[in-house]
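K.L.:
Note that the numbering used here has the sequence shown beginning at 5, numbered continuously upward.
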Amino acid sequence: MFSPVKSGKMNKGKHPRRKSGAPMKNKRFIVFLSALSLAASLSLPAAGADAPSDWAKTEVESAISQGLVPRDLQSSYQTPITRQEFCRLAVTMVEVVEEKPVSQVIADRELQTKENAFSDTQDDYAENACALGIVNGYEDGTFRPQGSITRQEAAKMLYETAKVLEYTGSGGSLTFSDRDNIASYAVTAVKFASSTGVMKGVEDGRFDPAGLYTRQQAYITMDRLLSVLEGESAGGEMTANQIFNQCSPAVCYMEVYDAAGQAIGTGSAFAVEENGKLVTNYHVIRDAYSARVKFPNGKTYSVENVLAYDVKRDVAVLSISAQGLPTLPLGDSSTLVSGQTVYTIGSPQGLDNTIANGIVSATNRVVDGREYIQTTAPISPGSSGGALLDGSGRCVGITTGTLSGQNLNFAVPINDVKEYLDKNDPITLEELAGATSRVTNMQVTLMGKKATYSGEVLGGATPHGEGRAEWADGSYYEGTFQRGMPWGKGTYYKSKDQSLYTGDFYAGFAQGDGVLKYYNGDQYEGQFAGGQMHGKGTYTFKSGDQYVGELAYGSFQGEGVYTYATGEKYVGEFRNSKFDGYGRYYGTTGKLEREGYWYQGSFKGEIKPV
Numbered sequence: 005m006f007s008p009v010k011s012g013k014m015n016k017g018k019h020p021r022r023k024s025g026a027p028m029k030n031k032r033f034i035v036f037l038s039a040l041s042l043a044a045s046l047s048l049p050a051a052g053a054d055a056p057s058d059w060a061k062t063e064v065e066s067a068i069s070q071g072l073v074p075r076d077l078q079s080s081y082q083t084p085i086t087r088q089e090f091c092r093l094a095v096t097m098v099e100v101v102e103e104k105p106v107s108q109v110i111a112d113r114e115l116q117t118k119e120n121a122f123s124d125t126q127d128d129y130a131e132n133a134c135a136l137g138i139v140n141g142y143e144d145g146t147f148r149p150q151g152s153i154t155r156q157e158a159a160k161m162l163y164e165t166a167k168v169l170e171y172t173g174s175g176g177s178l179t180f181s182d183r184d185n186i187a188s189y190a191v192t193a194v195k196f197a198s199s200t201g202v203m204k205g206v207e208d209g210r211f212d213p214a215g216l217y218t219r220q221q222a223y224i225t226m227d228r229l230l231s232v233l234e235g236e237s238a239g240g241e242m243t244a245n246q247i248f249n250q251c252s253p254a255v256c257y258m259e260v261y262d263a264a265g266q267a268i269g270t271g272s273a274f275a276v277e278e279n280g281k282l283v284t285n286y287h288v289i290r291d292a293y294s295a296r297v298k299f300p301n302g303k304t305y306s307v308e309n310v311l312a313y314d315v316k317r318d319v320a321v322l323s324i325s326a327q328g329l330p331t332l333p334l335g336d337s338s339t340l341v342s343g344q345t346v347y348t349i350g351s352p353q354g355l356d357n358t359i360a361n362g363i364v365s366a367t368n369r370v371v372d373g374r375e376y377i378q379t380t381a382p383i384s385p386g387s388s389g390g391a392l393l394d395g396s397g398r399c400v401g402i403t404t405g406t407l408s409g410q411n412l413n414f415a416v417p418i419n420d421v422k423e424y425l426d427k428n429d430p431i432t433l434e435e436l437a438g439a440t441s442r443v444t445n446m447q448v449t450l451m452g453k454k455a456t457y458s459g460e461v462l463g464g465a466t467p468h469g470e471g472r473a474e475w476a477d478g479s480y481y482e483g484t485f486q487r488g489m490p491w492g493k494g495t496y497y498k499s500k501d502q503s504l505y506t507g508d509f510y511a512g513f514a515q516g517d518g519v520l521k522y523y524n525g526d527q528y529e530g531q532f533a534g535g536q537m538h539g540k541g542t543y544t545f546k547s548g549d550q551y552v553g554e555l556a557y558g559s560f561q562g563e564g565v566y567t568y569a570t571g572e573k574y575v576g577e578f579r580n581s582k583f584d585g586y587g588r589y590y591g592t593t594g595k596l597e598r599e600g601y602w603y604q605g606s607f608k609g610e611i612k613p614v
């Protein structure tokens with residue numbers, strides 16, 4: 005039996021693309037061999053005044069071996085690095101990654117190098133870094149090349165260097181105790197640097213934005229930045245630590261409560277919009293009258309509304325009052341392949357901020373009539389609503405449930421979730437909890453007429469959720485209701501004209517994508533609005549004639565193609581379901597017979613009628 009995984013009583017369970025040259029791994033191997041041949045000159049001195057600190061030595065050596073540190077900067081490791089020196093490091097990084105001189109990089113991107121860009125220096129590195137957008141001067145036109153840089157300035161320059169090299173990852177959140185002291189221009193950069201592990205905090209959980217940056221710190225962070233970029237060059241693959249640092253700030257622990265305020269279960273959720281939009285499984289919040297979420301930075305929020313949900317697909321979109329939340333980038337679950345490495349982040353057994361990995365076992369496993377991503381990435385009670393991530397840190401699914409057996413874990417594909425993210429039909433958890441009660445053969449008024457309803461209700465009386473309504477004339481609707489109206493996915497049979505519509509509903513009307521079948525054999529498949537065929541679609545007549553194109557308020561209107569069962573075809577403009585406007589008419593052999601302007605179904609000639 006398939007078990008969603010919610011704990012408590014429910015127990016339901018880039019580095020850039022290479023444009024030319026050898027792959028980076030080969031390039032780095034060559035650089036490393038060159039470094040070995042110069043071992044005497046590149047060997048770091050023993051610990052002392054002119055050696056890196058013991059904690060920094062390994063990473064400094066790595067940076068030097070990869071050609072990231074110019075020879076004349078391999079000393080005075082504890083001294084503050086200057087603005088001009090950091091520009092040299094940034095430009096060197098660009099040349100190592102792109103495997104070409106920076107002048108060629110600038111030319112390839114059609115950028116302009118300004119001579120005398122700064123009034124106080126003509127340094128080539130500073131001017132090239134400026135052309136690439138890595139640095140800017142001061143308002144008075146100076147660059148102040150010998151000035152020291154602060155930690156937040158270093159983060160900004162590292163971030164801009166990563167952007168030059170087409171880094172595509174998203175930033176995390178600020179969890180430092182002194183985050184309010186970070187200048188606004190550096191906030192995004194510090195998020196990037198800390199979430200990727202390029203920069204770390206100092207003692208007491210601070211970032212120390214105004215603290216000076218030393219040479220050895222600069223060399224270390226350049227080495228780490230190269231590792232981050234290499235992770236992206238391999239098809240966007242990152243290490244588990246990088247994925248955790250980047251993605252875990254957006255995943256929260258959720259606790260749900262009954263009407264008496266007693267905890268009835270836990271689960272997970274993740275943020276998809278900075279303004280407080282979260283995604284989770286429906287079964288995590290079912291029966292809950294209230295809920296709270298807690299993010300890794302310690303901040304907690306009450307769930308205010310359910311913006312959209314689907315019982316069958318087990319999806320819920322929630323809202324909280326928050327701004328500036330870290331978010332997860334959404335991937336494309338259709339691109340997953342069996343054997344691909346994936347990661348889960350959630351709160352199994354209530355242990356928040358837990359990461360695990362595994363592989364995709366199957367991309368479209370059908371369980372209980374629904375498709376899931378099957379993985380070996382562990383899922384436990386409390387994991388429901390968490391994130392399934394690919395190797396680039398993109399969310400490709402919602403961790404949902406398990407089957408009895410070993411490593412049989414399942415996630416709702418993120419592509420099935422995306423259609424709900426733009427919906428905004430708020431309902432409180434308390435109201436939704438009322439909707440989970442069921443009735444049978446209750447008399448209600450729907451769409452202006454009395455009907456018999458069986459299904460879920462809100463407050464004991466209003467159809468809300470999954471249900472079926474039947475009218476005395478034989479008409480019926482079966483599907484999702486919201487506040488007494490067909491709303492969501494459903495099927496409506498109208499006895500008067502014996503038509504059957506299956507598709508999307510909005511506020512009681514067919515709206516969205518659907519299929520309408522008539523008793524006489526005609527069928528329309530396409531877009532609807534306000535209960536009428538409206539948008540793009542295909543209308544097939546029982547006779548075999550077919551129209552493909554634009555419709556408006558039930559009529560062929562706009563550009564379209566009308567093909568007769570006998571083989572003739574009209575391609576052009578329509579108005580009120582007739583040829584009207586410019587069009588071409590082809591005979592049964594496909595030969596063009598008429599081309600010009602039409603009016604109310606009649607050909608008027610090559611000249612547009614007045």
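A virtual CB, placed ideally from N, CA and C, is assigned to each residue, including glycine.
Between which two residues does the beta strand (DSSP E) carrying Thr-403 extend?
P.N.:
Run containing Thr-403: 399-407, per the beta strand (DSSP E) assignment.
K.L.:
Could you check whether the region 356-368 touches the region 273-280, counting it as contact only if at least three pairs of C-beta atoms, one from each stretch, sit closer than 8 Å?
P.N.:
Result no; under three Cβ-Cβ pairs closer than 8 Å.
K.L.:
What number of angstroms, rounded off, separates the C-alpha of Gly-209 from the C-alpha of Pro-253?
P.N.:
If you take the alpha carbons of Gly-209 and Pro-253, they lie about 16 Å apart.
K.L.:
Please work out which residues of its chain come closer than 6 Å, Cβ to Cβ, to Gly-534, disregarding the five sequence neighbours upstream and downstream, and give them in chain order.
P.N.:
Hits under 6 Å: Phe-513.
K.L.:
To test your reading of the DSSP string, which unbroken alpha helix (DSSP H) runs of 4 or more residues are found completely within the region 282-344?
P.N.:
Within the region 282-344, the complete alpha helix (DSSP H) runs of at least 4 residues are 286-289.
K.L.:
With which residues is Gly-518 paired in a DSSP beta bridge?
P.N.:
Answer is Gly-507, Gly-530, bridged to Gly-518.
K.L.:
Quick check: the Cα distance between Gln-531 and Leu-520, rounded to an integer number of angstroms?
P.N.:
Between Gln-531 and Leu-520, the C-alpha separation is close to 10 Å.
K.L.:
Closest to Ser-581 by CA distance: which of Tyr-510, Leu-230, Ile-153, His-538 is it?
P.N.:
Considering only alpha carbons, the answer is His-538.
K.L.:
For Leu-596, verify whether its CB is less than 6 Å away from any heavy atom of the ligand PLP.
P.N.:
As for the ligand PLP, it is missing from this structure, which has no ligand bound.
K.L.:
Measuring straight from C-alpha to C-alpha, what distance separates Thr-304 and Thr-456?
P.N.:
So the two alpha carbons sit approximately 44 Å from each other.
K.L.:
Between Gln-378, Gln-78, Tyr-481, which lies nearest to Ser-503 when the distance is taken from Cα to Cα?
P.N.:
It is Tyr-481 whose Cα lies nearest to the Cα of Ser-503.
K.L.:
Ignore the nearest five residues each way along the sequence and tell me which others in Ala-135's own chain have a CB closer than 6 Å to its CB.
P.N.:
These residues qualify, in order along the chain: Ile-110, Leu-115, Thr-117.
K.L.:
Sorted by chain position, which residues of the same chain lie with C-beta nearer than 8 Å to Asn-249's C-beta, five sequence neighbours on each side aside?
P.N.:
Closer than 8 Å at Cβ, skipping near neighbours: Gly-176, Ser-198, Ser-199, Thr-200, Gly-201.
K.L.:
Rounded to a whole number of angstroms, what is the C-alpha to C-alpha distance between Phe-578 and Val-260?
P.N.:
Rounded to whole angstroms, Phe-578 to Val-260 spans 55 Å at the Cα level.
K.L.:
Given this structure, state the Cα-to-Cα distance separating Val-310 from Gly-525, to the nearest angstrom.
P.N.:
Cα to Cα, the separation comes out at about 41 Å.
K.L.:
Excluding the five sequence neighbours on either side, which residues of its own chain have a C-beta within less than 8 Å of the C-beta of Gly-585, listed in chain order?
P.N.:
Counting only Cβ-Cβ distances below 8 Å, and skipping sequence neighbours, we find Gly-576, Glu-577, Phe-578, Arg-579, Tyr-601, Trp-602.
K.L.:
How long is the line joining the alpha carbons of Thr-146 and Ala-158, rounded to whole angstroms?
P.N.:
So the two alpha carbons sit approximately 18 Å from each other.
K.L.:
So, under 8 Å CB-CB, Thr-86 and Gln-156 are touching, yes? Tell me the CB distance rounded to an integer number of Å.
P.N.:
Going by Cβ atoms, the distance from Thr-86 to Gln-156 rounds to 16 Å, so no, they are not a contact pair.
K.L.:
Cβ of Pro-84 within 7 Å of Cβ of Thr-225?
P.N.:
In this structure, Thr-225 does not lie closer than 7 Å to Pro-84 by Cβ.
K.L.:
Could you tell me the alpha carbon to alpha carbon distance between Tyr-590 and Gly-469, rounded to whole angstroms?
P.N.:
C-alpha separation (whole angstroms): 50 Å.
K.L.:
If you compare alpha carbons, which of Thr-379, Ser-342, Arg-374, Val-371 is closest to Ala-360?
P.N.:
Considering only alpha carbons, the answer is Thr-379.
K.L.:
What's the gap between the Cα of Thr-192 and the Cα of Ser-325?
P.N.:
Roughly 21 Å between the two C-alpha positions.
K.L.:
Who pairs with Ser-458 in a beta bridge, going by DSSP?
P.N.:
Answer by DSSP bridge pairing, in chain order: Arg-472.
K.L.:
Could you give the DSSP three-state label for Leu-233: helix, strand or coil?
P.N.:
Three-state result, Leu-233: helix.
K.L.:
Could you pull out every unbroken alpha helix (DSSP H) segment of at least 4 residues lying fully inside the region 194-261, listed in chain order?
P.N.:
Segments of the alpha helix (DSSP H) lying fully in the region 194-261: 219-237, 244-251.
K.L.:
Please return the same chain residues whose Cβ sits closer than 8 Å to the Cβ of Asn-419, not counting the five positions on each side in sequence.
P.N.:
So the qualifying residues of the chain are Asp-336, Ser-337, Ser-338.
K.L.:
How big is the Cα-Cα spacing for Ser-547 and Val-565?
P.N.:
Cα to Cα, the separation comes out at about 16 Å.
K.L.:
Sort Glu-164, Pro-490, Leu-322 by Cα distance to Leu-233 and report the nearest one.
P.N.:
Ranking Glu-164, Pro-490, Leu-322 by Cα distance to Leu-233 puts Glu-164 first.
K.L.:
Considering only residues of the region 133-189, which uninterrupted alpha helix (DSSP H) runs meet the minimum length of 4 residues and lie entirely inside it, listed in chain order?
P.N.:
Complete alpha helix (DSSP H) runs here, min 4: 155-168.
K.L.:
Let me know if Gly-137 comes out buried or exposed under the rule of 16 or more other beta-carbons within 10 Å of its beta-carbon.
P.N.:
Exposed, because fewer than 16 other Cβ atoms sit within 10 Å of the Cβ of Gly-137.
K.L.:
Do you know whose CA, among Glu-308, Leu-77, Gln-486, lies nearest Glu-434's CA?
P.N.:
Residue Glu-308 is the option with its Cα nearest to Glu-434.
K.L.:
Going by the CB atoms, is the gap between Gly-386 and Pro-352 shorter than 7 Å?
P.N.:
Yes, they are a contact pair.
K.L.:
Apart from the five residues just before and just after Arg-296, which ones in its own chain have a Cβ nearer than 6 Å to its Cβ?
P.N.:
Excluding positions up to five away in sequence, the list reads Glu-259, Thr-304, Ser-306.
K.L.:
What are the boundary residues of the beta strand (DSSP E) that includes Gln-536?
P.N.:
Element bounds for Gln-536: 536-544.
K.L.:
What three-state label does DSSP hand Gly-492 in the structure shown?
P.N.:
Three-state result, Gly-492: strand.
K.L.:
To the nearest angstrom, how far is the alpha carbon of Ala-381 from that of Val-106?
P.N.:
Cα to Cα, Ala-381 sits roughly 43 Å from Val-106.
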